[in-house]
């Protein structure tokens, strides 16, 4: 697709520079659609013009890597945890390289699913809650990947649904994943860029809400509901990036 941006001529030069930087960042890390953070709908800018002159774009994965490092280095002055999703000193970025985008996305999706469901401490904590209503604070760790999510224990006919809760909100709280997955096809091959952007996870005084349900025929019946304090452990996601995938670190250097 082709997009045109027309200005009124009244903006400052620094405003135009910010728009240009935003477009470049979008083309490096972002996408369109509900599944954009999972790599589906990734946007890759093929050409970019300002006042009729072509602006630098990134035709190789190495050029993209250097551009990302420049963006993150500039954002590193933000040392506090952002209140919303944003680049900061706590952000990190890895790249997985190969020949075909689809193969790389399949690899990431398969390993991410296995990693999230394979956190043994989480399973033990959640099944304990399902049976007795007790769970240690800050579990399940997997919640750091986003809310809502659930656990199924089919052999026991049980499941546990987990979402965010705040007493001042009528509806359960959702939380998008802080892990952004972006796919790109470059002249020198394909790459999937994985970016972790830590930020406030839930509003102040919010908790996790856990609903344990048991199977009754074709339906699920609520057996108990509980609430748990939760502070996200970003190292859970970092361990996936460092240990589970054969990625190269882009940032921090």
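In my numbering, the protein residues as written are 22 to 274.
Every residue gets a Cβ at the ideal spot worked out from N, C-alpha and C, and that includes glycine.
Everything numeric in this text was worked out from a predicted model, so none of it was measured.
- Within the stretch 68–106, the complete alpha helix (DSSP H) runs of at least 4 residues fall at 82–96.
- Per DSSP, the unbroken beta strand (DSSP E) holding residue 249 starts and ends at 240–249.
- Residue 225 carries a coil assignment under DSSP once its states are collapsed to helix, strand and coil.
- A direct Cα-to-Cα measurement between residue 198 and residue 168 gives close to 8 angstroms.
- In the three-state scheme derived from DSSP, where H, G and I count as helix and E and B as strand, residue 270 is classed as strand.
- In this structure the stretch 68–78 does not lie against the stretch 251–265, because fewer than three pairs of beta carbons, one per stretch, are closer than 8 angstroms.
- The straight-line gap separating the alpha-carbon atoms of residue 81 and residue 148 is approximately 47 angstroms.
- Taken through DSSP and simplified to helix, strand or coil, residue 194 comes out as strand.
- When DSSP states are grouped into helix, strand and coil, residue 177 belongs to the helix group.
- Excluding the 5 residues flanking it on each side, residue 69 has same chain C-beta neighbours closer than 6 angstroms at 76 and 78, in chain order.
- When DSSP states are grouped into helix, strand and coil, residue 211 belongs to the strand group.
- Residue environment: residue 172 is assigned as buried (16 or more neighbouring CB atoms within 10 Å of its CB, all protein chains considered).
- Secondary structure of residue 126 (DSSP, three-state): helix.
- Excluding five sequence positions before and after residue 110, the CB atoms of its chain that fall closer than 7 angstroms to its own CB belong to 97, 99 and 100, given in chain order.
- Looking at 246, 216 and 238, the one whose alpha-carbon comes closest to that of residue 229 is 246.
- Around the CB of residue 196, 16 or more other CB atoms lie within 10 Å, so the residue is classed as buried.
- Contact between the stretch 181–194 and the stretch 210–221 is absent: fewer than three C-beta pairs spanning the two stretches fall below 8 angstroms.
- Under the three-state reduction of DSSP output, residue 260 falls in the helix class.
- Here the alpha carbon of residue 57 sits roughly 16 angstroms from the alpha carbon of residue 212.
- Residue burial is scored here from C-beta neighbours: residue 224 has fewer than 16 other C-beta atoms within 10 angstroms and is therefore classed as exposed.
- Within the stretch 126–167, the complete alpha helix (DSSP H) segments of 4 residues or longer fall at 141–153, listed in chain order.
- For residue 116, the enclosing beta strand (DSSP E) stretches over residues 113–119.
- In this structure residue 143 is in contact with residue 162, their Cβ atoms being roughly 6 angstroms apart against a cut-off of 8 angstroms.
- Between residue 244 and residue 145, the C-beta spacing is not below 9 angstroms.
- In this structure, DSSP gives residue 254 a state outside helix and strand, which the three-state scheme calls coil.
- Going by beta carbons, residue 54 and residue 48 fall outside the 9 angstroms limit.
- Taken atom to atom, the span from the alpha-carbon of residue 114 to that of residue 272 is near 5 angstroms.
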